[in-house]
Structure formats: structure tokens, C-alpha cells
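Before any comments, here is the structure.
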Amino acid sequence: MSLEALQLVSGTNIEPTLEVLKELRKDLSLEKFSAIVQRGEYEFRVLVVDSEVVGVVGYRIMETITRGAHMHIHDLVVSGRFRGLGYGNQIIKILSNHCEINKLSWIFLDSAPSAIGFYEKLSFENHTATLMRLCKK
Ligand SMILES: CC(C)(COP(=O)(O)OP(=O)(O)OC[C@H]1O[C@@H](n2cnc3c(N)ncnc32)[C@H](O)[C@@H]1OP(=O)(O)O)[C@@H](O)C(=O)NCCC(=O)NCCS
């Protein structure tokens, strides 16, 4: 299935998307989400079944020297009522297919501990530990 099987999030479907996204990003406001979507550097798509948003994914396609052209998934959530029905799997397969067609090297993501088993089933593996620190001293 092509990427078009997932609807691009824009002004018209932003509210039902946010409703599902908030199951993962509880404090995200409509103002902040709208501003991120409008900047356009970070793309959101939704899986719609029977006119209902069942899942949301937020990702960027970028190129770095070490990783080459790759996709980074920042957010993936399937609405609680629809979990365990294969929709998460479907979203990842659509993105993987898009990456393969466009010759992207890898899909990277930072998993929530509770979702690691899900990603492992879809052939994701651990890579070098990511470190972080607060910028503010
Ligand atoms: C993780 C999530 C996206 C999975 O979506 P889903 O639609 O429920 O998953 P699927 O039904 O496509 O499951 C695919 C397979 O992964 C398994 N699976 C699903 N969630 C799992 C989990 N948390 N841990 C281990 N395995 C999991 C399923 O049993 C299924 O296995 P099978 O193919 O052997 O039957 C969804 O549970 C979710 O939105 N969780 C809350 C938000 C979250 O944690 N997002 C990830 C942030 S990094």
C-alpha cells in the first residue's frame, strides 16, 4: 500500500487527529499541534477506517552523513478502542514500503518501553544507545 493510504494531516482533520494523538501526548494543545503541522517540517498522517481516525503517525524524512536519507518516526498511536487489530502493523508497513520505494536507508525511532515488543515483531532492532542532556545548565 502506498503512503496515500494514510491521509495527510492538515487544517481540516487536525482536531480528530489531536484527539487520538493525545492518548500518547497528553499535554499537547491544539495551538501547539497546529503550529507544528503548519511549519510542515514534521509530517503527520492518519489511518482512517469508516470515517474514523484509528491511528496517527508523525515522522520526518531527513539526510545525515552517518544515517544517509532516512525516516525518523516521532509519534505512533492507535486509538485505545482499535488496538490489537493490526492497524499499528499496517501503518508501519505502509511507511516501510514508502522507505523502500524511495531508497531510504533506515527507519529510526525512540520506543516507549511498553511498545518495544510491538516494534520487535516488526523487525526493529536495538541500535547504539542514544544519550541526552538538558540544554539548560
Ligand atoms: C504500540 C501500538 C502503536 C500498537 O498498535 P496496535 O494496532 O495495537 O498493534 P497491532 O494490532 O498492529 O499489533 C501487531 C503485533 O504486535 C503485537 N503488539 C501490539 N502491541 C504490543 C505491545 N505493546 N507489546 C508487544 N507486542 C505488541 C500484537 O500482539 C501483534 O502481534 P501478532 O502479529 O503476533 O498478532 C498501540 O498499542 C499504541 O498506540 N499504544 C499506545 C501508544 C504507544 O505506546 N505508542 C508507541 C510510542 S513509541
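Residue numbers for the sequence shown follow the working numbering, so the first one is -10 and each next one is one higher. Glycine included, every Cβ here is placed at the ideal spot set by N, Cα and C.
Asked: Among E52, S103, N91 and L65, nearest to V46 - alpha-carbon criterion; Found: L65
Asked: Contact test: K82 Cβ vs ligand 1 heavy atom, cutoff 7 Å; Found: no
Asked: Residues sharing a beta bridge with V9, DSSP; Found: DSSP output for V9 lists no bridge partner at all.
Asked: A58, DSSP secondary structure in three states; Found: strand
Asked: Assigned exposure category for C124 - 16 Cβ within 10 Å defines buried; Found: exposed
Asked: Exposure of L7, with buried meaning 16 or more beta-carbon neighbours within 10 Å; Found: buried
Asked: Per-residue DSSP class, three states only, for L84; Found: helix
Asked: Unbroken alpha helix (DSSP H) run spanning Y31, endpoints; Found: Careful: Y31 lies outside any alpha helix (DSSP H) and carries neither H nor E.
Asked: Straight-line Cα distance separating L36 from A(-6); Found: 7 Å
Asked: L19 (DSSP reduced to helix, strand or coil); Found: helix
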